[in-house]
Amino acid sequence: MRRKYAGITGIALLAVLGFPGVSHASIWDFIWSLSGPQMVGIVFHCEYDWEHKNAEKTAHECRIFDYRVIGEAESRKLRRTWLTFDTIGYVSTGKNSGEGDETFDFHDFDSFMVAIEPMVEMRSFTNKDSKGVANSGNLTFHHGLIGLSYDIVFGKQFSTFDNVGIKFRPIGVTYRNFNAAFNLRWYPDRFTAGQFGMVDPTPNDPDPDSSEWTWGFSAGWIWGPR
Numbered sequence: 001m002r003r004k005y006a007g008i009t010g011i012a013l014l015a016v017l018g019f020p021g022v023s024h025a026s027i028w029d030f031i032w033s034l035s036g037p038q039m040v041g042i043v044f045h046c047e048y049d050w051e052h053k054n055a056e057k058t059a060h061e062c063r064i065f066d067y068r069v070i071g072e073a074e075s076r077k078l079r080r081t082w083l084t085f086d087t088i089g090y091v092s093t094g095k096n097s098g099e100g101d102e103t104f105d106f107h108d109f110d111s112f113m114v115a116i117e118p119m120v121e122m123r124s125f126t127n128k129d130s131k132g133v134a135n136s137g138n139l140t141f142h143h144g145l146i147g148l149s150y151d152i153v154f155g156k157q158f159s160t161f162d163n164v165g166i167k168f169r170p171i172g173v174t175y176r177n178f179n180a181a182f183n184l185r186w187y188p189d190r191f192t193a194g195q196f197g198m199v200d201p202t203p204n205d206p207d208p209d210s211s212e213w214t215w216g217f218s219a220g221w222i223w224g225p226r
């Protein structure tokens, strides 16, 4: 399994570093579908602008609760691609998700997770402003091309474990101060009931390490300096 993790990590990092991109972060991230409890988390978001040319701006920027705390990067409207680095702290919501809906009973604040997620993102569209100037309007679409998700999970009823997956962001939108995104994660080794301290009803599963897709979304409101 560790070799598989190393391979996945290497592929994702090569893809991330192979692309030559400010920061509209997210306040919170929600994982809706997971073989375990649903998770909601707070995002510490950083971006690195590989196209940085403005000497009055920095190439990087970080936000917490969508408030800029480090750096002052150029607007996303003026670049095409960039590197995102998110650190997210999650807690279980108390609602079951995925395969655990009918079999397991997870509780709020019983499970915790820290996710470290670098990703290459791309802006695909920004509308014109009221004067007709291209790429200067209030609506922007962006996409996470490929990224890595390294997750450390811990809780009250089970031992700490980790998992590694690939992360994609099919669509993200920013309109004025509001931003939201739809996120997909693929894990070559799925999460299991036993990892979360539950008794697995299928202990003789012939393929206990089958892969898993999870989906969720993130949202934020830019209230600090932009």
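Residue numbers (the numbering used here): 1 to 226. All C-beta atoms in this analysis are idealised placements derived from N, C-alpha and C, irrespective of residue type, glycine included.
Among the options, nearest to residue i - alpha-carbon criterion
i: ARG76; options: PRO37, THR160, GLU121 and VAL114; result: GLU121
i: LEU184; options: THR140, GLY144 and LEU83; result: GLY144
i: MET113; options: MET39, PHE182, LYS128 and GLY172; result: MET39
i: GLY194; options: TYR187, VAL43, THR160 and ILE222; result: THR160
i: PHE158; options: HIS45, TRP221, ILE88 and PHE106; result: PHE106
i: TRP28; options: TRP186, PHE182, THR214 and GLY197; result: PHE182
i: LYS187; options: ASN179, TYR150, THR87 and GLY197; result: In the sequence on display, residue 187 carries Tyr and not Lys. Ranking ASN179, TYR150, THR87 and GLY197 by Cα distance to TYR187 puts TYR150 first.
i: GLY137; options: ILE31, VAL69, SER210 and ASN177; result: ASN177
i: PHE217; options: SER210, ALA180, PHE196 and ASP189; result: ALA180
i: SER210; options: THR93, PHE109 and GLY165; result: GLY165
i: ILE70; options: PHE44, TRP32, TYR90 and ARG79; result: PHE44
Cβ neighbour criterion (16 or more within 10 Å) applied to residue i
i: VAL153; result: buried
i: ASP66; result: buried
i: PRO228; result: The requested residue 228 is not part of the displayed model; the chain covers only 1 to 226.
i: TYR48; result: buried
i: LEU148; result: buried
i: SER111; result: buried
i: ILE116; result: exposed
Nearest-angstrom Cα separation, counted from residue j out to residue i
i: LYS167; j: PHE125; result: 21 Å
i: TYR175; j: ASP129; result: 12 Å
i: TRP82; j: VAL199; result: 43 Å
i: ASN135; j: GLU61; result: 21 Å
i: LYS156; j: GLY172; result: 34 Å
i: ASP101; j: ASP108; result: Residue placement at ASP101 is poorly supported in this model, since its pLDDT is 45, which falls under 50; the coordinates are not used for a value here.
Span of the beta strand (DSSP E) around residue i
i: PHE217; result: 212-221
i: LYS167; result: 161-175
i: TRP186; result: 178-187
i: PHE112; result: 111-126
Close-in-space but distant-in-sequence residues of the same chain around residue i (CB under 7 Å, 5 per side omitted)
i: PHE191; result: LEU34, SER35, GLY36, ASN163 and GLU212
i: GLU74; result: VAL22, ASP49, HIS52, ASN54 and LYS57
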